[in-house]
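Engineer:
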Amino acid sequence: MAVVGFDLGSQSCYIAVARAGGIETVANEFSDRCTPSVVSFGSKNRAIGVSAKNQLITHADNTVYNFKRFHGRAYNDPFIQKEKENLSYCVVPMKNGSVGIKVTYMDEEHLFSVEQITAMLLTKLKETAENNLKKPVTDCVISVPSFFTDAERRSLLDAAQVVGLNCLRLMNDMTAVALNYGIYKQDLPIAEEKPRIVVFIDMGHSAFQVSACAFNKGKLKVLGTAFDPFLGGKNFDEKLVDYFCAEIKSKYKLDPKSKIRALLRLYQECEKLKKLMSSNSTDIPLNIECFMNDTDISLKMNRSQFEELCGEPLQRIEIPLRSLMEQIQLKVEDVNAVEIVGGATRMPAVKEKIGKFFGKDVSTTLNADEAVARGCALQCAILSPAFKVREISITDAVTFPISLMWSTETEDGDGIHEVFSRHHAAPFSKVLTFYRKGPFELQAFYSDLSNVPYPEKKIGKYIIQNIAAQNDGEKNKVKVKVRINNHGIFSVSTASMVEQMKMEENETPNIEAEIEPQNQKSESCNKNVLQDNTEAGSQSQAQTDGQQTSQSPPSPEVPSEENKNPSGEKGNEKKSDQPPDAKKPKIKVKNVELPIEANLVWQLGKDLLNMYIETEGKMIMQDKLEKERNDAKNAVEEYVYDFRDKLSGPYEKFVCEQDRQNFSMLLSEIEDWLYEEGEDQAKQVYMDKLTELKKFGTPIEVRYQEAEERPKLLEELGHKLRIYAGITEEYKNKDEKYIHIDESEMNKVEKCVSDTTEWLNNIINIQAKQSLDQDPVVRVNEIRRKLREIHSLCEPIVNQPKPQIDSPKQEEPPDTSINETEELEEEIKNIETTQQNGDCHMNESPVSMDLD
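Number 446 in UniProt numbering belongs to position 446 of the sequence shown; there are no gaps in the numbering.
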């Protein structure tokens, strides 16, 4: 199972994957770990990433960039109207009022939505990850700015769905950075101790984000976030561009803003100059050849001038920092560390501003560019059953407060209730109780639009259907569950009507049905599935959906709220072990699920989404076919140039003069054809041309290769023959080494050596008379076959092992004990005594002896 994290940036993207050795950021086909967020359209295919960025100047009107912030927005959004003035491509409204991008693709005019453009970029990132992992990629985690609203997040999820990616979580950029920081720390305080407070700051190309996090061992809690969504590296680029435009207009009488290509070139050069000034304080030149009207320009700037020029964006850095500290109600002295990431934080002036605010040196322990992608990959690994990851609970925070509004049945007006306050723990679920006689509508919206960088305060409308009054005309009790899910998206997830019915006399009361279910697990996106798929890790510390009811009975028009609270505390609960009161009528409770009709802001319909999926599939296939066509064309071109050089080089001796002239003429003809009518032909045409060339070129190539390999193999064959011939001579001389081999077997070796030697000498003589431009008499393959034959026949015979002769075994004397030896010595003494006395009679003895 592939584990992938995508950092989808406004200017560039990064891909991180989980391997057995840890988290790794992978490179694309250009060996670059950074893939530009650029899509370019051509007459035959699309270019995405590095190749698309290379076409930005020459193909500006059909190259799309800086489109990330267009997600979930209307075309008449003031932000869109302002941004489109600085773009080289055409931004137009779609039928549903969203942002569309008009380009020329396949020589036809096409209108693509932002979801489709992002899906194209994700297609490239997915392909890069698959090429690196050598396996299909489906599950992933994608980064998203913390200030993205529900509409923007849903739009990004739709883009992932178009590509076939299953986004397990849309993870806030700063939460991903914090996870990447905290999971490797071994010195964090334990849960009972005071947490370590770390502030993370990210200034990228287009936005400035700040987040404060509390760390304990195995726990990460986001305390609060702040941001400036319109402050980033591009603001500093714009200051440089405006300055140099004025200088060029004054010095060279040229207006770069009058031509989009010149302006784009100036932007690219100013970005390079900004990076150089981050590490150099001396004057740095800005030189652009043939800038406009064949005029070369040469200007310069140093760091002090640059910082003076960028006073306004530098002053804006403190605003989100101050806002964050006020929200979380902490002093700068309470902050233990300040970590910075993002390309723009490399500027010394930005570091100085941040360090001055907190009164301490900023830390750069994380990779400024890859920290977000690595955090996303870690989150994906936590969610994957294929990896075992150190346990850590992640509690994110709600960025914007969310309220619900509904129409009441009184004259007091609409009811409003804030269900999720700012920095509320997420993901999280709450249950609201309403009393209604019929269907009703809930409207979700952002409570404080002044802090939301989005013009639309509405999130969506939810109609709770199939509600009817009770039999006695009383209102029904309706429980509505609202959620902030893993993606940070608000939803009305479920609704149920509580029906009370009288029980029959003989019916056993179901007491458990009369209370709300206790200890329901709330949604946790950090389930430790690596240990146990059923054990919920506390991603949001919402471990138990306990009830918390208000002390006083709720008004019929104001819902009571039951928090799926993080602490798991239970309020006024009915205990299941209490029997029902006998005096009261027996009542059973039944929960009836109610359908919910959701009308969300900028939600793609299923039909439109399916059409986008089909269109993307066709474009992927077209890109593949075009790549194969270009590869076939390049193969012909490569063959022409390669053979032309070799015909006057190493291949010169292996082709006769007439054939060389004919082949050279054919190569020139095909080369001219390639750059004329052969410029745009079908794949099969190029394959036919290559086949035609190989009819002439392959024999020459073969003769060259044969001449290179043949002498070595002939020498090897001759060496083998000499070895086996020497063995046969030794056998005839009765050498002990081979005397054990049967004579008939050795005759086979001798015959094989004799026949092969005769064949070899004959071949060498004939080949010596052949010229190099003629086909060889014998092929290398045939010589190799001869080597195999002689080896398979002779080697087993000459290497026969000698038969083993068993040596005679000596009989060991029987083991005689000490007592038997003593008895034998005594017996001998007795015999000697008897002989001396002349007595021939012997005493009986256990040992029988023959005496003379």
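Glycine included, every Cβ here is placed at the ideal spot set by N, Cα and C.
Apply the 10 Å Cβ neighbour rule to C380 and answer buried if 16 or more other Cβ atoms are within range, or exposed otherwise.
Structural biologist: The residue in question, C380, is buried, as its Cβ has 16 or more Cβ neighbours within 10 Å.
Engineer: Where do the N-terminal and C-terminal ends of the beta strand (DSSP E) with F420 fall, by residue?
Structural biologist: Note, F420: beta strand (DSSP E), G415 to F420.
Engineer: Should C376 be labelled buried (16 or more other beta-carbon atoms within 10 Å of its own) or exposed?
Structural biologist: Its Cβ being crowded by 16 or more others within 10 Å, C376 is buried.
Engineer: May I ask you to verify whether the segment 623-633 touches the segment 680-692, counting CB pairs closer than 8 Å and requiring at least 3?
Structural biologist: As far as the Cβ criterion goes, the segment 623-633 touches the segment 680-692, which means the pair count is three or higher.
Engineer: With a cut-off of 8 Å on the beta carbons, I'd call K590 and E499 a contact; round off their distance for me.
Structural biologist: With a Cβ gap of about 5 Å, K590 and E499 count as contacting.
Engineer: With 16 as the cutoff for other CB atoms within 10 Å, does P579 come out buried or exposed?
Structural biologist: Residue placement at P579 is poorly supported in this model, since its pLDDT is 45, which falls under 50; the coordinates still yield a value, given next. Looking at its Cβ environment, which holds fewer than 16 other Cβ atoms inside 10 Å, P579 is exposed.
Engineer: Since N762 is in the beta strand (DSSP E), which residue starts that stretch and which ends it?
Structural biologist: Run containing N762: none in the beta strand (DSSP E); it sits in the alpha helix (DSSP H), E743 to K769.
Engineer: Beta-carbon within less than 7 Å of Q603's beta-carbon, same chain only, minus the 5 sequence neighbours each way: which residues are those?
Structural biologist: Closer than 7 Å at the Cβ level, and outside the excluded window around Q603, lie R154.
Engineer: Roughly how many angstroms separate the alpha carbons of E692 and R261, rounded to a whole number?
Structural biologist: One C-alpha to the other measures close to 43 Å.
Engineer: My assumption, with CB atoms under 8 Å, is that S278 sits in contact with M171. Please give the rounded CB distance.
Structural biologist: In fact, because the Cβ distance is near 29 Å, the residues do not count as touching under 8 Å.
Engineer: Are there 16 or more other CB atoms within 10 angstroms of the CB of R436, so buried, or fewer, so exposed?
Structural biologist: So R436 counts as buried.
Engineer: For the ligand PLP, is there any heavy atom lying closer than 6 Å to the beta carbon of T58?
Structural biologist: What this structure holds is no ligand at all, so the ligand PLP is not there to describe.
Engineer: Contact check, G5 vs C140 under 8 Å by CB: the rounded distance?
Structural biologist: Confirmed, about 7 Å.
Engineer: On the criterion of 16 or more Cβ atoms from any shown chain inside 10 Å, does D532 qualify as buried, or is it exposed?
Structural biologist: Confidence at D532 is low in this model, with a pLDDT of 29, below 50, so its placement is unreliable and the value that follows should be read with caution. Result: exposed.
Engineer: Within 10 angstroms of its Cβ, does T728 collect 16 or more other Cβ (buried), or is it exposed?
Structural biologist: T728 should be labelled buried.
Engineer: Under a three-way DSSP split, which group does E109 fall into?
Structural biologist: Here E109 sits in strand by DSSP.
Engineer: Please classify Y641 as buried or exposed, where buried requires at least 16 neighbouring CB atoms within 10 angstroms.
Structural biologist: It is exposed - the Cβ of Y641 has fewer than 16 other Cβ atoms within 10 Å.
Engineer: Go ahead and pull the three-state DSSP assignment for residue 893.
Structural biologist: Outside the shown range of the chain (1 to 852) lies residue 893, about which nothing can therefore be said.
Engineer: For E24, which option in I15, C213 and S31 has the closest C-alpha, if you only look at C-alpha atoms?
Structural biologist: Closest by alpha carbon: I15.
Engineer: Output the distance between the C-alpha atoms of V162 and N28, rounded to the nearest integer angstrom.
Structural biologist: Computed Cα separation, rounded: 22 Å.
Engineer: Mapping DSSP to helix, strand and coil, what is A207?
Structural biologist: Looking at A207 - three-state DSSP - the assignment turns out to be coil, as it is neither helix nor strand.
Engineer: Could you name the residues that DSSP lists as bridge partners for V103?
Structural biologist: Note: V103 sits in a beta bridge opposite H110.
Engineer: Would you kindly work out how many angstroms separate the C-alpha atoms of S384 and V26, rounded to a whole number?
Structural biologist: Between S384 and V26, the C-alpha separation is close to 19 Å.
Engineer: Cα separation between N476 and V92?
Structural biologist: Roughly 49 Å separates the two Cα atoms.
Engineer: May I ask you to report which of helix, strand or coil DSSP gives W602?
Structural biologist: Of the three classes helix, strand and coil, the one that applies to W602 here is coil, per DSSP.
Engineer: Does DSSP put R169 in a helix, in a strand, or in coil?
Structural biologist: Strand.
Engineer: Could you compute how far the alpha carbon of Y724 sits from the alpha carbon of R660?
Structural biologist: Going by the C-alpha atoms only, they are around 44 Å apart.
Engineer: Which of helix, strand or coil does DSSP assign to Y651?
Structural biologist: In the structure shown, Y651 sits in coil (DSSP, three-state: anything other than H, G, I, E or B).
Engineer: Please classify R791 as buried or exposed, where buried requires at least 16 neighbouring CB atoms within 10 angstroms.
Structural biologist: Here residue 791 is His; the residue named in the question, Arg, does not match the sequence. By the neighbour-count rule (16 or more Cβ atoms within 10 Å), H791 is not buried but exposed.
Engineer: Out of S281, K251 and C245, state which residue places its alpha-carbon closest to the alpha-carbon of L264.
Structural biologist: When only C-alpha atoms are compared, the closest one is C245.
Engineer: Which residues mark the beginning and the end of the alpha helix (DSSP H) in which I670 is found?
Structural biologist: E657 to L674 is the span of the alpha helix (DSSP H), which, as asked, contains I670.
Engineer: Taking H740 as the reference, which of P803, P796, G718 and L713 has the closest Cα?
Structural biologist: Residue P803 is the option with its Cα nearest to H740.
Engineer: Would a C-beta distance cut-off of 7 Å place S206 and M174 closer than the cut-off?
Structural biologist: Not in contact: S206 and M174 (Cβ atoms no closer than 7 Å).
Engineer: Should the segment 286-294 be regarded as contacting the segment 247-261, the criterion being three or more beta carbon pairs within less than 8 Å?
Structural biologist: Counting Cβ pairs under 8 Å, three or more are found: they touch.
Engineer: Taking the alpha-carbon positions, what's the S754 to E716 distance?
Structural biologist: Distance between the alpha carbons of S754 and E716: 16 Å.
Engineer: Excluding sequence positions up to five away, which residues of its chain have a Cβ less than 7 Å from the Cβ of P650?
Structural biologist: Correct list, in chain order: Y704.
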